[in-house]
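A.B. asks: There's a structure below that I have some questions on.
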Amino acid sequence: MLYTVNEVAKLSGTTIKTLYHYQKIGLLMPEIVTENGYRYYGENELKRLQQILFYRELDFSLDSIKAALDHEPDRLRCLCEQQAMLKARQLRLERILLTLEETIRHERKEGNMSTENMFNGLNEEEWKQVFSQQNEHLQKAYDFRLDTENLDVASMNEKAAEATAFMTSMAEALKNNKSIDDETVVSAIKNHLAFLQKDHPIVNCPLCKGHF
């Protein structure tokens, strides 16, 4: 099936001007250009446009997108790489949002937010700085150092965001005088344990009446 420029623009949420520009720079060529100048796009062109838009969400320049697509012709592999990059960005944004929400709460209460928490998620070097401080103590006390050269930043951000969300929900439960066997509390604990189970052995939770 072939699609006109107008149809592709509507399907993808782009503009006709953008599609013409992509053609001009050799990023996305129509499958067919008729003698009277009409441009038609096929399924392969739509798939390439989808990948282009994924890269645009990652703030790639058009030159970088063209180089990336030309270098990696395997669509599935390219999509998996894009997925990994977008997930990393998602986790980073989630952490930034948690920091923003905490900042708003402090501003509404007219209280001062801890300076240690003001920039959570804003600096990718933050984890190395944190571990560097811990290493000073570990080196002096136990003659041991953590490896800070191969940190999985995306994973660390995910764990930090989940832990922050869990502790916030527990704090809200205490504030609202909810009991330990309250349905929302038990559910939060179950979800937290399920998250931890991704990296740790089975945990037996008596409150949740089950294993994770």
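Residue numbers (our numbering): 1 to 212.
We treat Cβ as the ideally placed atom computed from N, Cα and C, and that holds for glycine.
All values derive from a computational prediction rather than experimental measurement.
For Ile25, does the three-state DSSP call read helix, strand or coil?
C.D. replies: DSSP places Ile25 in coil when its eight states are reduced to three.
A.B. asks: What did DSSP end up calling Thr4 once you bin it into helix, strand or coil?
C.D. replies: Thr4: strand per DSSP, three-state reduction.
A.B. asks: Can you list, in chain order, the residues of its chain with a C-beta nearer than 7 Å to that of Gly42? Leave out the 5 residues immediately preceding and following it.
C.D. replies: Contacts found: Leu2 and Glu31.
A.B. asks: Flag this pair as touching only if the region 70 to 78 and the region 86 to 97 have three or more C-beta atom pairs under 8 Å; answer yes or no.
C.D. replies: Flag = no, the region 70 to 78 and the region 86 to 97 do not touch.
A.B. asks: Per the DSSP calculation, Ile32 is bridged to which residue(s)?
C.D. replies: In the DSSP output, where bridge partners are listed per residue, Ile32 has Tyr40.
A.B. asks: Can you tell me which of the three DSSP states Gln197 falls into?
C.D. replies: Of the three classes helix, strand and coil, the one that applies to Gln197 here is coil, per DSSP.
A.B. asks: Of the residues Ser61, Asp59, Leu53 and Leu28, which one's Cα is nearest the Cα of Glu45?
C.D. replies: Per the Cα distances, Leu28.
A.B. asks: Grab the span of the alpha helix (DSSP H) containing Ile96 for me, first residue to last.
C.D. replies: Arg75 to Arg108 is the extent of the alpha helix (DSSP H) around Ile96.
A.B. asks: For Pro206, I'd like the list of residues in its chain whose CB is within less than 7 Å of its CB, leaving aside the five on either flank, ordered along the chain.
C.D. replies: In this prediction, Pro206 scores a pLDDT of 48, lower than 50, which makes its location untrustworthy; the coordinate-derived value is nonetheless stated afterwards. Cβ within range, chain order: n/a, list empty.
A.B. asks: Can you name, in chain order, every residue of its own chain whose Cβ lies under 6 Å from the Cβ of Tyr22, other than the five neighbours on each side?
C.D. replies: Leu28.
A.B. asks: So, helix, strand or coil for Asp182, using DSSP?
C.D. replies: Coil at Asp182, not helix or strand.
A.B. asks: Can you list, in chain order, the residues of its chain with a C-beta nearer than 8 Å to that of Thr18? Leave out the 5 residues immediately preceding and following it.
C.D. replies: Cβ neighbours of Thr18 beyond the five flanking positions: Ala9.
A.B. asks: Give me the Cα-Cα distance between Ile180 and Ala194, rounded to the nearest whole angstrom.
C.D. replies: Those two C-alpha atoms are separated by around 18 Å.
A.B. asks: Using alpha carbons as the reference points, say which of Glu102, Thr14, Glu172 and Gly37 lies closest to Glu57.
C.D. replies: Checking every option, the nearest Cα to that of Glu57 belongs to Thr14.
A.B. asks: Can you tell me whether Thr18 is helix, strand or coil according to DSSP?
C.D. replies: DSSP places Thr18 in helix when its eight states are reduced to three.
A.B. asks: Could you give the residue range of the alpha helix (DSSP H) that holds Asp59?
C.D. replies: Segment: none, Asp59 is in no alpha helix (DSSP H) and carries neither H nor E.
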